[in-house]
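Residue numbers (our numbering): 988 to 1071. Idealized CB from N, CA, C, for every residue including glycine. Bear in mind that the values here come from a model prediction, so they are computed numbers and not experimental data. Below: one structure, written as structure tokens.
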């Protein structure tokens, strides 16, 4: 989905903050480049009247690591949460 299509479907962000270059760097290889660019331009936060939230992978990193501890076919380092 393009940034324009996302914004058309979910509206402009509320309570959003643009991520830092360091946060963007930490997601290299874990999320598509277009998503990193979206975060830097529009920000993470709530969209669609608080019904959809974008987040950086760091928010759920510990949770993913804990949930996947006993799942050998999935590696938390290869996965990233970016919305909920």
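Reduced DSSP category for residue i - H, G, I as helix; E, B as strand; rest coil
{"i": "residue 1052", "result": "helix"}
{"i": "residue 962", "result": "No answer is possible for residue 962: it lies beyond the span of the chain, which begins at 988 and ends at 1071."}
{"i": "residue 1035", "result": "coil"}
{"i": "residue 1066", "result": "coil"}
Span of the alpha helix (DSSP H), counted from its first residue to its last, around residue i
{"i": "residue 1008", "result": "1008-1013"}
{"i": "residue 1003", "result": "No alpha helix (DSSP H) holds residue 1003; the beta strand (DSSP E) holding it covers 1001-1004."}
Best match in the options for proximity to residue i [C-alpha to C-alpha]
{"i": "residue 1071", "options": "991, 1043, 996", "result": "1043"}
{"i": "residue 1003", "options": "1046, 1061, 1030, 993", "result": "1030"}
Beta-carbon proximity list for residue i, same chain, < 6 Å, skipping 5 on both sides
{"i": "residue 1063", "result": "1051, 1052, 1055"}
{"i": "residue 1025", "result": "990"}
{"i": "residue 1039", "result": "997"}
Close Cβ partners of residue i (< 8 Å) along its chain, the five nearest in sequence each way excluded
{"i": "residue 1066", "result": "1017, 1051, 1055"}
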